[in-house]
Amino acid sequence: MDADTGLTVRTATDTAAEAVFAEGVVKQINTGGGDLLSILDGLSLRVLAGESVAIVGASGSGKTTLLSLLAGLDLPTAGEIRLDGRSLTELDEDGRARLRAGRVGFVFQSFQLLSGLTALENVMLPAELAGYADAGPRARTVLERVGLGQRLDHYPHQMSGGEQQRVAIARAFAAEPHILFADEPTGNLDLVTGSHIIDLLFELNRSRGTTLILVTHDTALARRCGRVLTLNQGRLHE
Amino acid sequence: MNSPQMPLRETRAGWAAALRHALARLRRGWRSGELLVLALALAVAAAAVVSVGLFSDRVRQAIERGSGDTLGADAIVEGHEAFPADYRERLQGLGLRTAAVAQFPSVVAVVDGQQTQLATIKAAEPGYPLRGALRLSGEPYGPTRAANGIPPVGEAWVDARLWSGLALQPGAHLQVGGSVLRVTALIADEPGRGGAFAEFAPELLMNRADLAATGLIGPGSRVQHILQLGGEPAALAAARRLQRPVGARLLGARDARPEISSALDRAGRFLDIAVLATILLSAAAVSLTARLHSQRLRDEVALLKCLGAGRGFVVRALTLQLVLLGLGAGAVGVVVGGLGQAVLGWFAAPLLNTALPAPGWLPLPQALALSLLMLLGFALPPVLEAAAAPPVRVFQRALDAGVHSQLGLVLAALAVVALVLLQAGAARLALFVIGGASAAAAVLALMAWLLVLALSPLRRRSGVAWRFGLGNIARRRGAAVAQATALGVALLALLLLTVVRTDLLASWRGRLPPDAPNQFLINIQPEQVQPLREFFAAHGYAHLDLWPMARARLVALNGKPVSADSFDDPETRRWINREFNMSWTTGFGDDNKLLSGNWWSAADAGQPWLSAEEYAVERLKLKLGDTLTLDLAGTRVTLTVHNTRKVRWDSFRPNFFLVTPPGMLDSSGATQWITSFYLAPGQHALLRDLVRQFPNVTAVDLDAALGEVRSIVDRMVHALEFIFAFTLGAGLVVMLAVIEASRAQRARETALLRTLGASSRVILQGLLAEYATLGLLAGSVAAVAAQTLAWLLAARVFDIPYGPRPLLWLAGAVAGCAVVTLVGWLSLRGVLRTPPRQVLAGS
Numbered sequence: 026m027d028a029d030t031g032l033t034v035r036t037a038t039d040t041a042a043e044a045v046f047a048e049g050v051v052k053q054i055n056t057g058g059g060d061l062l063s064i065l066d067g068l069s070l071r072v073l074a075g076e077s078v079a080i081v082g083a084s085g086s087g088k089t090t091l092l093s094l095l096a097g098l099d100l101p102t103a104g105e106i107r108l109d110g111r112s113l114t115e116l117d118e119d120g121r122a123r124l125r126a127g128r129v130g131f132v133f134q135s136f137q138l139l140s141g142l143t144a145l146e147n148v149m150l151p152a153e154l155a156g157y158a159d160a161g162p163r164a165r166t167v168l169e170r171v172g173l174g175q176r177l178d179h180y181p182h183q184m185s186g187g188e189q190q191r192v193a194i195a196r197a198f199a200a201e202p203h204i205l206f207a208d209e210p211t212g213n214l215d216l217v218t219g220s221h222i223i224d225l226l227f228e229l230n231r232s233r234g235t236t237l238i239l240v241t242h243d244t245a246l247a248r249r250c251g252r253v254l255t256l257n258q259g260r261l262h263e
Numbered sequence: 019m020n021s022p023q024m025p026l027r028e029t030r031a032g033w034a035a036a037l038r039h040a041l042a043r044l045r046r047g048w049r050s051g052e053l054l055v056l057a058l059a060l061a062v063a064a065a066a067v068v069s070v071g072l073f074s075d076r077v078r079q080a081i082e083r084g085s086g087d088t089l090g091a092d093a094i095v096e097g098h099e100a101f102p103a104d105y106r107e108r109l110q111g112l113g114l115r116t117a118a119v120a121q122f123p124s125v126v127a128v129v130d131g132q133q134t135q136l137a138t139i140k141a142a143e144p145g146y147p148l149r150g151a152l153r154l155s156g157e158p159y160g161p162t163r164a165a166n167g168i169p170p171v172g173e174a175w176v177d178a179r180l181w182s183g184l185a186l187q188p189g190a191h192l193q194v195g196g197s198v199l200r201v202t203a204l205i206a207d208e209p210g211r212g213g214a215f216a217e218f219a220p221e222l223l224m225n226r227a228d229l230a231a232t233g234l235i236g237p238g239s240r241v242q243h244i245l246q247l248g249g250e251p252a253a254l255a256a257a258r259r260l261q262r263p264v265g266a267r268l269l270g271a272r273d274a275r276p277e278i279s280s281a282l283d284r285a286g287r288f289l290d291i292a293v294l295a296t297i298l299l300s301a302a303a304v305s306l307t308a309r310l311h312s313q314r315l316r317d318e319v320a321l322l323k324c325l326g327a328g329r330g331f332v333v334r335a336l337t338l339q340l341v342l343l344g345l346g347a348g349a350v351g352v353v354v355g356g357l358g359q360a361v362l363g364w365f366a367a368p369l370l371n372t373a374l375p376a377p378g379w380l381p382l383p384q385a386l387a388l389s390l391l392m393l394l395g396f397a398l399p400p401v402l403e404a405a406a407a408p409p410v411r412v413f414q415r416a417l418d419a420g421v422h423s424q425l426g427l428v429l430a431a432l433a434v435v436a437l438v439l440l441q442a443g444a445a446r447l448a449l450f451v452i453g454g455a456s457a458a459a460a461v462l463a464l465m466a467w468l469l470v471l472a473l474s475p476l477r478r479r480s481g482v483a484w485r486f487g488l489g490n491i492a493r494r495r496g497a498a499v500a501q502a503t504a505l506g507v508a509l510l511a512l513l514l515l516t517v518v519r520t521d522l523l524a525s526w527r528g529r530l531p532p533d534a535p536n537q538f539l540i541n542i543q544p545e546q547v548q549p550l551r552e553f554f555a556a557h558g559y560a561h562l563d564l565w566p567m568a569r570a571r572l573v574a575l576n577g578k579p580v581s582a583d584s585f586d587d588p589e590t591r592r593w594i595n596r597e598f599n600m601s602w603t604t605g606f607g608d609d610n611k612l613l614s615g616n617w618w619s620a621a622d623a624g625q626p627w628l629s630a631e632e633y634a635v636e637r638l639k640l641k642l643g644d645t646l647t648l649d650l651a652g653t654r655v656t657l658t659v660h661n662t663r664k665v666r667w668d669s670f671r672p673n674f675f676l677v678t679p680p681g682m683l684d685s686s687g688a689t690q691w692i693t694s695f696y697l698a699p700g701q702h703a704l705l706r707d708l709v710r711q712f713p714n715v716t717a718v719d720l721d722a723a724l725g726e727v728r729s730i731v732d733r734m735v736h737a738l739e740f741i742f743a744f745t746l747g748a749g750l751v752v753m754l755a756v757i758e759a760s761r762a763q764r765a766r767e768t769a770l771l772r773t774l775g776a777s778s779r780v781i782l783q784g785l786l787a788e789y790a791t792l793g794l795l796a797g798s799v800a801a802v803a804a805q806t807l808a809w810l811l812a813a814r815v816f817d818i819p820y821g822p823r824p825l826l827w828l829a830g831a832v833a834g835c836a837v838v839t840l841v842g843w844l845s846l847r848g849v850l851r852t853p854p855r856q857v858l859a860g861s
């Protein structure tokens, strides 16, 4: 048990060695008029449990598309993707959702907090969905951990961008996910706030032994990850 | 630390988890205020339906009960046997007051005189009549006073005809069977003494305590027993369900008096329109706010799915959330509606000139069912559409589901059908209103679409404010079409009520001009027709329409002999069982409407044709070409149904179920003639002269019935004024909801425009330009639709004339433009004042 958070600490040795696996992934979209645009072109990737991987690339290179495919939010045109050892391509949308529940956490560039819920309620949401009976205390603990213990009942519109992103990070860790996907987590924040958020993200990641897959075009941020992969021409390069 | 249970399984546990989530989400959403608009719309819908439904039901009951005065009771039971004591006890056990009357024909003679006269003897119990009051006078058509109960034992009161027929003097003694009764008053007015269509004989009213002594009641005597009933509608309804003695029938004012029934039906339909218009408005409000709610839900659904919620869970959670919200808001709406109708009733009662009966509970479950239907039919589809939002939307918001499920259309269609069925009493009317509204909505959507297309070139040539405003419409193409449609339906409902309240009711009132016939003359002998015409000509009546009458009995239908036993329907058996009146004519008045076949003309005299009124058509299941063989005093005539028609019985003119061309029945001879005319107040001397000159002719005063129909119209006008005010409020809520729907987006756009340097004035003008255009479009189409609907309703439902009103079209367009612009300005003022920094920071 982690003394600070009271949450279970998981290390790479506890879980399957392979957190994310992708082989020959192709993603094409119809641009209208029958033209197909290839975003990902036979991409392969293997991420071990507990690893932290940064995916960098120019704007429009397909980073977010790749993230949504790896998390099972969308399906590839071809190829295979496995999450926590389970093949996503064999599951329907509900099956993929069940796989995500309690296993996968997200941090988005635009925070994606529900405006009608308070900070506490937003953080409780994934734990509730994962069926944790102690969603409330759990959320409270993580919010205290990110320094928002005094802002539990505040609504998103009453918080600054940095505070909103801290709530989002608390939400991502509340259900103790195996894998955390982060999409440009500092993209909407100023330099100083962004740097604080990143410290917090890596600190929590370290203490929980979570696998982190982070999409960014910020090279400084990418360098803090164990591995940096560049997405170019629809493929990943080490 | 707890480990996660297997979440969101497709089991009961799945429902329980969805319910927990729905409850928590409702609680949280309620606190944050985001569910307020939808809850408000649902509550307003329920409140509007409940208050208008309950209020109109109370008005309906009040009018119906008021019409009991013309029957002398709230209802009567009629039979040819004395009613068993236990039947009467059971009626009293229901809380009903009763008064028994026995009536039979008998010859009355003046003691110490020569004159005798066949009269209807009415022996009544104390308490008679239960409704209205007997009025007495000292001489025919003299000043009247209210009677104090019924004639005391040993006394009799007689009507003007018996008085004249026997040349009575006050205090005269009459031999009635074995008894002698002293005549102490003349009956000037008696509630329930038939309507325009009853048959009259001179009448003597006596105390029932004197009946046995007359010795007139015995085996074989033709006594009609009447039990008057008075009490609350619920008790009367229970009495209708009670097992009646064999051969007895229970009649309300409506059953007994076609002219009142006709007016009551029409009044009921006006109220139905008001209720339907309110339902229409409420449905528009619910549908709009649910659409707005659905837009907000999409992000949430995508996030939930991203966090691991399956679609089944999302659908269950959203449905439960909506149903719980609907039940909560519906319950609040029902309470508010209950209070609302009490306030309506409190204000309306003095104007309606009657105390409104307590509201019944019947409309409550109906209103709740309506709210739930509206919720499921109009709110659930957009919410379920939101459940289809893909999880990847968290990254790409533009990637919307784009799902417009057919389920939505099906549910909305089912809801409409169910709403119509709930209003089953007025299915035809409901179909017109809802069909009309749907057609109008379709036309609106099409026109709005065309407008959006037309705006593109237009806005390039306009100023910056208009360019911005019209640009808004063009850019939010789908939303603009939806907004214009919803606004149009709301305006349609309001305009329809306006048309009904003013034009249709005025037309109805116009059908009963101040000089509508208020006196019927019956029992005119054929040889009196000419002298009577001369009498009236001498009294300044230029024209008198006299109708011949022959008594006939139906003996065969399509060549097959029939008797009362040939029919199952008791009403038909009663009708066939006795001789009925027929007449002949070359033309029909404007109170007759052709249903099928053709009218005939003077040239068709002698044709063996028959014109059948709707009543006869329904009773005998007649169609064109059917033949009826009739026995007229021993002569048999076979007639072919040449046309069918519907009579407007509240025209107060003589009309007949069966009519032939002249030359068919003349040979068997008219047994009597009848006519009707208008007698101005204070002209009762004319009646006195008439009775003196034609003692056998009976004048039937219809003023009371006529007054009752007029009063029904007047009460309707007042009741609709109140309902209209309330519905107007509901309409404004709809418009607010439409405008509220785009508030957040507008706030962002406005902030952006101001950041880019647009002045508040330009932005305001742009918004007003947009709303003025939408309002103009919605108002114009709604006005055309309201006119078309009003015309359809007037022609097909109310049978009253209604011509197009070009001014309404203009008024609708201008009002739509003004109201929508005003509501838009009021609603979005705040948005314009918000500092751009605040809006952009929150987005």
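Keeping their order, the protein sequence lines are chains Y and P.
When you line the first sequence up against the working numbering, it's residues 26 to 263, in that order.
When you line the second sequence up against the working numbering, it's residues 19 to 861, in that order.
In this text, a Cβ means the ideal position worked out from N, Cα and C, and glycines have one as well.
Who are the neighbours of residue i on chain P, taking C-beta pairs under 8 Å?
{"i": "Y/P151", "result": "L325, G326"}
{"i": "Y/F131", "result": "C324, L325, V412"}
Just to confirm before moving on: does the CB-CB distance between residue i and residue j stay below 8 Å?
{"i": "P/G793", "j": "P/V838", "result": "yes"}
{"i": "P/L628", "j": "P/A570", "result": "no"}
{"i": "P/P251", "j": "P/Q79", "result": "yes"}
{"i": "Y/K88", "j": "Y/V192", "result": "no"}
{"i": "P/D177", "j": "P/S197", "result": "no"}
{"i": "P/Q690", "j": "P/Q543", "result": "yes"}
{"i": "Y/H203", "j": "Y/D109", "result": "yes"}
{"i": "P/E758", "j": "P/S845", "result": "yes"}
{"i": "P/A458", "j": "P/A800", "result": "yes"}
Since residue i is in the beta strand (DSSP E), which residue starts that stretch and which ends it?
{"i": "P/G270", "result": "267-270"}
{"i": "Y/D224", "result": "No beta strand (DSSP E) holds Y/D224; the alpha helix (DSSP H) holding it covers 216-233."}
{"i": "P/Q110", "result": "That residue, P/Q110, is in no beta strand (DSSP E); its alpha helix (DSSP H) goes 103-111."}
{"i": "Y/V88", "result": "The question names Val, yet the displayed sequence has Lys at residue 88 of chain Y. Note, Y/K88: premise wrong, no beta strand (DSSP E); alpha helix (DSSP H) at 88-95."}
Check the DSSP bridge columns for residue i and list the partner residues they point to.
{"i": "P/K664", "result": "P/K611"}
{"i": "P/N599", "result": "P/R569"}
{"i": "P/W181", "result": "Answer is none; P/W181 lacks a bridge partner."}
{"i": "Y/E48", "result": "Y/E105"}
{"i": "Y/H262", "result": "Y/T255"}
{"i": "P/M682", "result": "None, per the DSSP bridge assignment."}
Return the first residue and the last residue of the alpha helix (DSSP H) that residue i is part of.
{"i": "Y/M149", "result": "144-154"}
{"i": "Y/R122", "result": "Sequence inspection shows Ala at residue 122 of chain Y; the Arg mentioned does not correspond to that position. Here the alpha helix (DSSP H) through Y/A122 covers 118-125."}
Give the residues of chain Y in contact with residue i, contact being defined as C-beta atoms less than 7 Å apart.
{"i": "P/E318", "result": "L139"}
Does the beta-carbon of residue i, which I'm using as the reference point, lie nearer than 7 Å to any heavy atom of the ligand SAH?
{"i": "P/L229", "result": "Ligands in the displayed structure: none, and consequently the ligand SAH is not present."}
List the residues of chain Y whose Cβ lies closer than 9 Å to the Cβ of residue i, in chain order.
{"i": "P/G330", "result": "D119"}
In chain Y, what lies closer than 8 Å to residue i by C-beta?
{"i": "P/R309", "result": "Going along chain Y, no residue has its Cβ under 8 Å from P/R309, so there is no contact; the nearest lies around 17 Å."}
At least 3 beta-carbon pairs within less than 8 Å: the segment 742-752 of chain P vs the segment 60-78 of chain P: yes
At least three beta-carbon pairs within less than 8 Å, the segment 219-231 of chain Y to the segment 155-166 of chain Y: no
Contact between the segment 173-191 of chain Y and the segment 137-147 of chain Y (3+ Cβ pairs under 8 Å): yes
Inter-stretch contact at 8 Å, needing at least 3 Cβ pairs: the segment 704-721 of chain P / the segment 149-161 of chain P: yes
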